[in-house]
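Numbering (the numbering used here), first residue to last: 25 to 786.
Even glycine gets a Cβ: it sits at the ideal position worked out from N, Cα and C.
One structure is given below, encoded as structure tokens.
Have a look at this one:
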């Protein structure tokens with residue numbers, strides 16, 4: 025009851041899972057104020073009285089809007105008719121217009137889009153008519169048009185439940201998980217446990233948008249996640265077990281580039297600084313902003329801090345749901361507890377959090393609301409099944425160990441030990457017959473069904489995203505500048521190769537051409553120019569062959585949010601192409617002078633640069649195709665050797681059994697172009713009347729220097745298009761492919777030896 029000081033008396037009535045005030049469990053009556061946070065069984069956290077905004081329980085964040093004039097502008101701008109304070113909302117995001125009984129919505133060029141019934145609409149100038157019952161979505165907000173012409177606004181922050189409805193996942197002939205149903209409510213911190221290979225990570229991937237179920241459905245707020253992925257992707261945050269970030273960036277740089285890529289483009293530098301500072305404070309990283317992230321080979325921040333940086337990158341966009349794959353793995357007990365307390369605080373603030381966890385300590389175990397246990401029999405062919413979903417401590421330990429003494433501190437080890445005492449099928453049967461299944465699976469699903477609308481199936485529209493290109497270029501340059509040794513080795517290639525060419529051939533090629541040395545000079549000159557062409561191709565390929573595959577995990581993570589493939593590919597091409605230009609300047613500068621070449625310097629330089637860019641495009645294609653950096657490097661010789669053999673210097677085109685094979689080699693067009701430019705301007709003795717290029721390219725087989733440029737340019741475009749197509753085909757969500765996703769996210773388990781048999785997947 026309230027007293028004169030405007031406080032309330034709170035008493036726990038002997039509940040099983042406790043009553044908490046500001047995160048502390050009370051054992052006797054306590055006075056609480058309106059500012060205190062009361063938590064019942066760690067399932068619903070709320071200040072008293074109920075707030076109307078962030079962190080409110082489901083159904084408490086609805087307001088009704090009316091049209092004061094003809095139009096209503098929505099956005100972050102405080103001057104908008106209805107400001108929306110959310111990072112993923114643009115400054116001026118959308119306009120709703122009411123003319124008579126007709127209501128239209130127009131996207132004002134927002135970064136993250138405006139959706140009508142889950143389908144992204146076109147940009148400025150394109151009006152979409154909405155009717156009563158239609159739902160407009162932007163950021164974390166939805167606006168439903170009522171029959172009275174009003175707009176019912178709903179803020180989904182802290183108000184999104186995630187549900188697995190009879191989810192099964194199959195990869196090839198392997199059944200990974202089968203018939204998993206459960207519902208995680210807003211503001212819950214839920215753990216996911218089970219023996220190695222049971223399907224923990226597979227279930228998480230199915231619920232977070234990475235691995236579409238083979239059967240059943242993953243639902244967010246009652247809507248099919250995969251059918252509405254474009255609408256929901258901004259609400260999802262995923263932190264993988266491995267620290268996926270560029271290790272050569274500082275903490276602040278990593279957060280800055282992530283924010284610039286994910287947040288609306290109308291964020292000013294001051295806005296970004298403010299948002300980054302908020303997140304840094306939220307995860308407790310103050311004081312390390314300018315510290316290098318680092319790696320085992322390069323000292324940087326600690327392991328626990330890297331986990332928090334990984335989490336901070338997701339929090340920049342303020343997602344409603346967070347998925348973390350073993351966030352405490354590899355950390356000390358103190359760091360693990362610190363990370364879990366941070367997650368507990370985020371859940372209490374309204375976020376829904378699901379974590380896979382291997383062997384949590386008792387204190388960590390006590391911070392979780394509920395626990396999911398997935399199991400399968402070791403060595404068996406049966407898929408993983410749900411054997412428990414209910415309160416974490418002490419109920420989970422009591423479920424798997426019915427004889428345990430009541431009142432003792434529950435240990436997570438009891439869960440796994442008890443689980444091992446019986447087969448998975450028996451535990452499934454016991455759980456289905458338990459009150460936990462009725463309360464946490466059946467009743468929760470029925471409640472969500474009552475609230476859910478009909479799911480829609482829109483086509484996900486991804487924009488070209490040219491605005492991402494400058495940010496990606498800046499990030500790539502920053503990474504290259506920090507990777508001093510690798511960049512220095514790449515830059516040393518051109519002077520070393522150029523000097524070797526000069527030392528080996530310079531004296532011979534520099535001599536005047538006479539009738540007696542014409543054949544020798546033609547041969548020496550051909551070798552010199554051919555080596556230059558091969559060097560240019562090598563520069564491009566070696567610079568780029570590992571570029572995409574080496575950061576594939578980062579690419580894939582960003583792609584699932586909003587990374588645009590053309591911008592990503594163009595940024596790599598620009599930075600690596602710029603490096604090739606510097607290499608070609610050094611190469612032709614040394615060789616042209618040291619070998620006393622006579623061809624036009626600028627034209628030969630341009631041809632070399634174009635050749636090197638073809639090499640960059642080829643390397644990017646290889647990198648997009650390869651599954652590992654080792655495979656990419658192994659492919660490079662297989663691609664370069666045919667260019668050496670069929671390039672026209674070792675074997676003239678007319679002597680090749682299949683001349684068409686030579687015509688697809690970039691080395692052949694680069695060599696011919698350089699040779700024609702050089703021999704066209706080279707002086708010969710008065711008694712010499714012979715074309716020096718005749719021995720390599722007879723007159724009838726030539727395209728000329730201009731034709732060679734056209735062929736190289738066409739090859740460049742084709743290779744870049746090929747790389748783009750390959751990346752699109754590897755887009756896991758677009759093609760509903762799970763084979764790569766499962767393999768990709770099982771690598772950590774393989775490293776720990778948890779999948780030694782090769783027959784199970786997590």
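CA-to-CA, the gap between residue 402 and residue 453 works out to about 18 Å.
The bridge partners DSSP lists for residue 176 are 88 and 168. Cβ neighbours of residue 435 within its own chain (closer than 6 Å, five residues either side excluded): 386.
Within the same chain, and ignoring the five residues on either side of residue 469 in sequence, the residues whose Cβ sits closer than 6 Å to its Cβ are 207. The continuous beta strand (DSSP E) containing residue 347 extends over residues 345-349. With fewer than 16 neighbouring CB atoms inside 10 Å of its own CB, residue 513 falls in the exposed class.
The three-state secondary structure of residue 110, taken from DSSP, is coil. Under the Cβ criterion (8 Å, minimum of three pairs), the region 164-183 does not count as touching the region 348-357.
When DSSP states are grouped into helix, strand and coil, residue 314 belongs to the coil group. Comparing alpha-carbon positions, the option among 225, 466, 530 and 256 lying closest to residue 112 turns out to be 256. Looking only at 728, 646 and 633, the smallest Cα-Cα distance to residue 749 is reached by 646. Non-local beta-carbon contacts of residue 101 in its own chain, meaning distances under 7 Å to residues more than five positions away in sequence, involve 107, 115 and 116 in chain order.
Taking 8 Å as the cut-off, the beta carbon of residue 284 is found closer than this to the beta carbon of residue 495. DSSP links residue 394 through a beta bridge to 214 and 415.
About 5 Å separates the CB atoms of residue 619 and residue 530; that is less than 8 Å, so the two are in contact.
Counting C-beta pairs with one atom in each stretch, the region 373-382 and the region 333-352 have three or more that are closer than 8 Å, which means they touch. Taking the CA atoms as reference points, residue 162 sits about 30 Å from residue 331. In this structure, DSSP gives residue 125 a state outside helix and strand, which the three-state scheme calls coil. By a beta-carbon distance limit of 8 Å, residue 390 does not contact residue 400. Their separation comes to about 27 Å. The three-state reading of DSSP puts residue 224 in helix, counting H, G and I together. Contact annotation: residue 394 and residue 212 have beta-carbon atoms nearer than 8 Å. Residue 564 places its beta carbon less than 8 Å from that of residue 638.
The Cβ atoms of residue 191 and residue 240 lie closer than 8 Å to each other.
Classified as buried, residue 202 has 16 or more neighbouring CB atoms from the shown chains inside 10 Å of its CB. In this structure the region 648-659 touches the region 554-571; the number of beta carbon pairs closer than 8 Å is three or more.
Counted as a single uninterrupted DSSP element, the alpha helix (DSSP H) harbouring residue 529 occupies residues 508-533.
Annotated three-state conformation of residue 202 is strand, per DSSP.
Per the Cβ contact rule, the region 695-704 is in contact with the region 727-738 (3 or more Cβ pairs under 8 Å). Contact between the region 259-278 and the region 493-512 is present: 3 or more CB-CB pairs across the two stretches fall below 8 Å. As computed with DSSP, residue 274 is found in a beta bridge with 316. In the structure shown, residue 680 adopts coil according to DSSP, grouped into three states. Cα atoms of residue 165 and residue 603: separation of roughly 45 Å, rounded to the nearest angstrom. The C-beta of residue 691 has 16 or more other C-beta atoms within 10 Å across all chains shown, which makes the residue buried.
When DSSP reads this structure, residue 139 sits in a beta bridge with 144 and 161. Relative to residue 169, the option among 184, 153 and 180 whose CA is nearest is 153.
In chain order, 111, 279, 282, 283, 286, 287, 299, 300 and 303 place their CB closer than 8 Å to the CB of residue 340, counting only its own chain and leaving out the 5 sequence neighbours on each side.
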